Amino acid sequence: MSTSATSSTSSASIYAALNGTSSSSSKSSSTTSSDDIQSQFMTMLVTQLQNQDPLSPMDSSAMTSQLAQISTVSGLEKVNSTLETLLTSYDSTQSMQAAALLGSNVLVPGSGLTLSESQAVGGFEVASAADSVVLTIKDSNGNVVNTVDFGAAKAGSHLFAWDGTDASGAKVADGTYTVTVTATQGGSSVTSTALQLGQVSAVVRTSDGYQLDVGTGTLVDYDDVRQVL
């Protein structure tokens, strides 16, 4: 009977230490390393073996199960450590890539279209192949200036140029216009997005990642860049 009581007391003490409920563990850091977990686990296992009832020894399958548990915990900690390293490396790589865009012209989601010296460049993106893409250009008052039949387009982002003429072929004034995209395939609508041209003048790091100032009035996410021109 004394052996059973000793085993129960020792196991309870060790479980308390592992769970951080003992007075000594409350003073230590809440973060436990893989080596500490393995050491504590082995101490608990050895104590259980030393104080087990000779008439009812620990089942070998139970010991195997406990050893498998500590192996799993150790493996998860190593995976977490590896992921943290990868995230740090990814963040450093993305910062260098974002910085390399400074001064570059890029296409990002947006409907703005700037006409300068009768030349304007914009873009669009289609989610899947389309047999017809039509661009509708409007002035600052929302009036339709011209429509451009781009024709068929593969899935992805595309660049287009506008010569600054209206539907009659007359030149319109330089300024800011907007463009909308309508894409179809066999008569069915295809998801499409207008893209606008901007020049990267600054890179800003935020809690959500890197953002770029491309002169559109609002910062755009680094991942929103569709093309670098």
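Numbering-wise, the working numbering comes out as the position in the sequence shown, counting from 1, plus 647.
All C-beta atoms in this analysis are idealised placements derived from N, C-alpha and C, irrespective of residue type, glycine included.
Please read these numbers as outputs of a predicted model, since none were measured by experiment.
Check                                                                                            : Outcome
Exposure label - Q744; buried when at least 16 CB within 10 Å                                    : exposed
For A774, three-class secondary structure by DSSP                                                : coil
Straight-line gap, T812 to T823 (C-alpha atoms, nearest Å)                                       : 14 Å
Burial state of A774, where buried means 16 or more other Cβ atoms lie within 10 Å               : exposed
Proximity of G769 and F807 at Cβ, strictly below 7 Å                                             : yes
Straight-line gap, V861 to Q874 (C-alpha atoms, nearest Å)                                       : 13 Å
Cβ contact check for the stretch 849-868 and the stretch 798-805: 3 or more pairs under 8 Å      : no
Closest by C-alpha distance to W809, when choosing among T761, D855 and S835                     : T761
Selected residue, minimal CA-CA separation from Y855, among V726, S742 and S712                  : For clarity, residue 855 is Asp in the given sequence; the question names Tyr instead. Taking only the C-alpha atoms, the option nearest D855 is S742.
Option nearest K785 by Cα separation, candidates A767, L748 and V850                             : A767
Three-state class that DSSP yields for K725 in the structure shown                               : helix
Sequence-distant residues of its chain with Cβ nearer than 6 Å to L876 (five each side left out) : N752
Within 7 Å, strictly: CB atoms of F797 and V780                                                  : yes
Nearest to S835 (by Cα), restricted to the options T694, L748, A776 and A817                     : A776
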